[in-house]
Every structure is written in C-alpha cells, then in structure tokens.
Amino acid sequence: MSFEKIGIDKIGFYTPEFYLDLADLAQARQVDPNKFKIGIGQDQQTILPADQDVVTMAANAAAPILTAEERAQIDLVIFASESGIDQSKAGSLYLQRLLGLSQAARAFEIKEACYGATAGLQMAYDHLTAHPDSQKVLVVASDVARYGIETAGEVTQGAGAVAMLVTRAPRILVLNQPSAYFSEEVMDFWRPNYSDTAFAKGKFSTEQYLRFLEIVWREYQTKTQEQLTDFTALLFHIPYTKLGLKGLRQMTADASEDVQQRLLQKFETATIYNRRVGNIYTGSLYLSLLSLLQNAQLADSTKLGLFSYGSGAVGEFFSGEIQSGYQQMAGLTNVADLLDRRQQLTVKEYEQMFAQTLPTDGSTLEIAPVSPLAEFHLTGITAHQRQYR
Ligand code: CAA
892 MSFEKIGIDK IGFYTPEFYL DLADLAQARQ VDPNKFKIGI GQDQQTILPA DQDVVTMAAN
952 AAAPILTAEE RAQIDLVIFA SESGIDQSKA GSLYLQRLLG LSQAARAFEI KEACYGATAG
1012 LQMAYDHLTA HPDSQKVLVV ASDVARYGIE TAGEVTQGAG AVAMLVTRAP RILVLNQPSA
1072 YFSEEVMDFW RPNYSDTAFA KGKFSTEQYL RFLEIVWREY QTKTQEQLTD FTALLFHIPY
1132 TKLGLKGLRQ MTADASEDVQ QRLLQKFETA TIYNRRVGNI YTGSLYLSLL SLLQNAQLAD
1192 STKLGLFSYG SGAVGEFFSG EIQSGYQQMA GLTNVADLLD RRQQLTVKEY EQMFAQTLPT
1252 DGSTLEIAPV SPLAEFHLTG ITAHQRQYR
C-alpha cells in the first residue's frame, strides 16, 4: 500500500448563467412554495441555455484553474457524466482539444449516474499510485439533470460542472484509504438511450440512497474503526438538500446533541451552493465540498466524510483530510459571484429554454452565444457534429 499523499489539488466550477426561482415554479405548478423550500430544500435551479452543454460546462469549469504547465503534465483525463453528448465518443476528447491538454494522455468517459466522478477520483488515485512518473490527473464531472416539465422531479433539476486536478502532495484535500463501497442492480433511476429526460421511482430512489448509505457507513466503520466524532463534516451526494439532511439524520441518530448540532451546522454550510444550483448529478457531492471549502473555516488535517451515491446503484463512503492553506486553491472560482451574476428567468422563459433541442436529421443550426461569463460555447451543429468555440 502506498503512503504517498494523493488528492484534490485544485477545484473549479461552472454553472450556466440562467436560473429559475423555485417560488415561481411553485406558484406555476400550484404547489405551496414551502414544499420546495423546506420539504425539498431547494431555492433555485440553474437552467441550461442552447450555447452550453456538458462539454462546454466542463471546459468552463476546468480552464480557469489550469496553468499551461499543468495542461502539459496531465496524462489522464476522466470525464464523468450521466448526460454525455455521444453514445460512442468520450467528452474528454473534446475537453482535451478545447483546453490544449497534452496528447500523451489517456482520455475517456465514465458513467454510473451520480457516482461517476467518485469512480474517476478513485481511479485518479490508483493511477498516480501505480505510475510514479505520472504527475497530474484531470477529473471533470459535468451534467444536466432533466426530468421534464410538470414531473415530480422537475423541482430537482439543475446543470453544472466541477473540475478537479488530482496530484501528489495536494493543496486542498488528501484522499484517505480505505473506502467502503457497495453495488447492486436496482431500478430506482435510469435513462434509456432514446430519452433525454430521466425516469425515476422517486420515493423508492430515496429509500435506496439511505439504504446504501447505511451499508457503506457500517462497512467503513468496520474497516477503519473510525467514529462519527472523528469527522469535522459529513458531505453527501445532494440530488436535493433535504435528502442529504435525511442521510445526516440517519447517521447521527444515536450521536450526542453536540455532535448532531456541529455536523448539522457544517451540513448547512456545505449545501449553500447546492440549494441554488440544483442537482448536477455526478458533480453534486463535489459542489457540496466546494460550498464547505469556500464558506467554512476548517483547521489543518480536519477530516471530512464523503458519501457518494449513483442510482442503479453504487454507493461509496470515503474520507479526506484538509490541507493547510487550502483556501487559495479552493477559491479559484468565485462561486457566490457566479451564482449572483446569473440572469433570472420566468417560468415561461424556462419552459421555452427547456424545449430547445438540436436537430437530429443532420441539418445545420447556428447558435448565438448567450453566456457572457463562459469562455467556451456550443456554436452550432452541422452534419451531426457539435461545433465549439
Ligand atoms: N411545507 C413543508 N414541507 C412540505 C410541504 C409544505 N407545504 N408539502 C410537502 N412537504 C414535504 C413532504 O412532507 C416531504 O417531506 P419528507 O420527505 O420529509 O417526507 C417533502 O416535502 C417532499 O414531498 P413529497 O414526498 O410529497 O414529494 P414528491 O412526491 O413531489 O417527490 C421526490 C419528491 C421523490 C424527491 C421527487 O422530487 C423526485 O422524484 N425527484 C427525482 C428523484 C430523486 O432526486 N431521487 C433522489 C435519490 S436518487 C439519487 O440520488 C440519484 C440522483 O441524483 C437522481
């Protein structure tokens, strides 16, 4: 086993520049706004415009955090997504070109619903452990969560990408081993190839999330002998913040009131951004990490526990240790500013944006840029090929 410190050295984020206030959605759907705000635990959701997709969001998340030297050093590019743009070609290849990454690299895409980025992170760890000459790995989680107009899942939609540079001697979070994981074929949430919206057995999916959490947390404790009191904060996959809260309550049910309060306060800090962005599937856990890193004061070597869940289903519980001076590398993207600068849409405008689709018959469509903060845009499609600038 390696004793090298490997983990997250830099982290970046991009979310499209339009949002819907969920009080407006509640009114349009004739639902009490408190159901969305308190019952679901979400305030806003990002809406994806025509000039963005999972590739441009990934590039927009990664570009601002990478130096020219790092771009040349990355020899593994992992693109994790539930909502990839192609059944065959990996999103990481577009990313490699757009970002000017080294071509002496492995580049591929990973899919397992909301678990893909965690698989990517663990694979990055293994790659750096197994290849002493390798220096840096880029893991990008990019998704648009679409359930459809007037569906139960509509309130939990969202879009965004998280980019993580994984290295030795990382400056944000050292990943600890071992972790605990569990997989089982479960039909709780899925998206057949012919559908651009997800199918979910809503209540059943929340039960599976909590069941998998219980299994991997118990297994993690058996493997490591660690207790709740060893953790400064617990982070969760956040399809919507209320489900993470249920996970926290389940884990802390037998804890002292002090421990419950301390972890609850950190949970609230860790979900500030998720409340405003919505579900970004495989990036959601890492957006929660970013929310904690940018809004809490964490002491050196503080231990974080992370629960990753991807429907279908895979669960993993792992931990990481905060590195001194983490604020600088965790603050490369000013997320609060990005969220504040988004443009609010009416429900009607959201529905129009949601209905926009690309031609599937090979015809040409040009798309005007509408995202001023984005460096990369989808400019159109021609002969079934997406065009990026
Ligand atoms: N004020 C306050 N709270 C209210 C309220 C009001 N006026 N009205 C209702 N509520 C509460 C309810 O009591 C309920 O609380 P509890 O969960 O604590 O019981 C909560 O609001 C939600 O109400 P419902 O259960 O009636 O909500 P719903 O039937 O509309 O469905 C949902 C909710 C199942 C999450 C649905 O939004 C959905 O299907 N979402 C998509 C699937 C999903 O996100 N699953 C998560 C697990 S799968 C996963 O993690 C992978 C992934 O990312 C998809």
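Letter by letter, the sequence shown follows residues 892 to 1280 of the working numbering.
Every residue gets a Cβ at the ideal spot worked out from N, C-alpha and C, and that includes glycine.
Remember, predicted model here, so these are calculated numbers, not experimental data.
Endpoints, alpha helix (DSSP H) assigned at residue i
| i | result |
| --- | --- |
| Met1078 | That residue, Met1078, is in no alpha helix (DSSP H); it is neither H nor E in DSSP. |
| Ala914 | 913-919 |
| Gly1093 | 1093-1115 |
| Val946 | 945-953 |
| Ala959 | 959-964 |
| Leu1180 | 1175-1186 |
Proximity to residue i [Cα-Cα], best of the options
| i | options | result |
| --- | --- | --- |
| Gly975 | Arg997, Gly991, Asp966, Ala949 | Ala949 |
| Asp1145 | Tyr1072, Thr1120, Asp942 | Thr1120 |
| Ser1175 | Asn951, Thr1009, Ile956, Lys926 | Thr1009 |
| Glu1257 | Leu1184, Gln1188, Ala1274, Val946 | Ala1274 |
| Asp1252 | Ala1071, Ala998, Gly930, Gln1276 | Gln1276 |
| Ser993 | Phe970, Ala1187, Leu1029, Ala941 | Leu1029 |
Buried versus exposed, by CB contacts within 10 Å (16 or more), residue i
| i | result |
| --- | --- |
| Pro1069 | exposed |
| Asp934 | buried |
| Thr1058 | buried |
| Glu1075 | exposed |
| Asn951 | buried |
| Leu1264 | exposed |
| Tyr1200 | buried |
| Asp1228 | exposed |
| Ser893 | Any reading at Ser893 must be qualified, since the residue scores a pLDDT of 48, below 50, and its modelled position is unreliable; no value is offered. |
| Ile929 | exposed |
CB contact flag (residue i, residue j, <8 Å)
| i | j | result |
| --- | --- | --- |
| Ala1015 | Leu984 | no |
| Ile1285 | Met1055 | Within the shown structure, residues of the chain are numbered from 892 to 1280, placing residue 1285 beyond reach of any answer. |
| Lys1194 | Glu1212 | yes |
| Val1065 | Tyr1177 | no |
| Ala1032 | Gly991 | no |
| Gly1206 | Ile1106 | yes |
| Asn1170 | Ala1004 | no |
| Tyr1100 | Leu1154 | no |
| Pro1061 | Asp900 | yes |
| Gly932 | Leu1136 | yes |
| Leu1183 | Leu1126 | yes |
| Tyr1038 | Ala1091 | yes |
Bounding residues of the beta strand (DSSP E) (the contiguous stretch that carries residue i)
| i | result |
| --- | --- |
| Gln994 | Looking at the DSSP string, Gln994 is not in any beta strand (DSSP E), and its letter there is neither H nor E. |
| Tyr1072 | 1071-1074 |
In DSSP terms, what residue i is bridged to
| i | result |
| --- | --- |
| Asp1034 | Gly1051 |
| Ala971 | Ile1001, Ala1032 |
| Glu1257 | Gly1271 |
| Lys1027 | Ile965, Thr1058 |
| Val1168 | None; Val1168 has no bridge partner. |
heavy atom of ligand 3 below 7 Å from residue i C-beta
| i | result |
| --- | --- |
| Ser972 | By its list of ligands, the structure shown excludes ligand 3, since it contains just ligand 1. |
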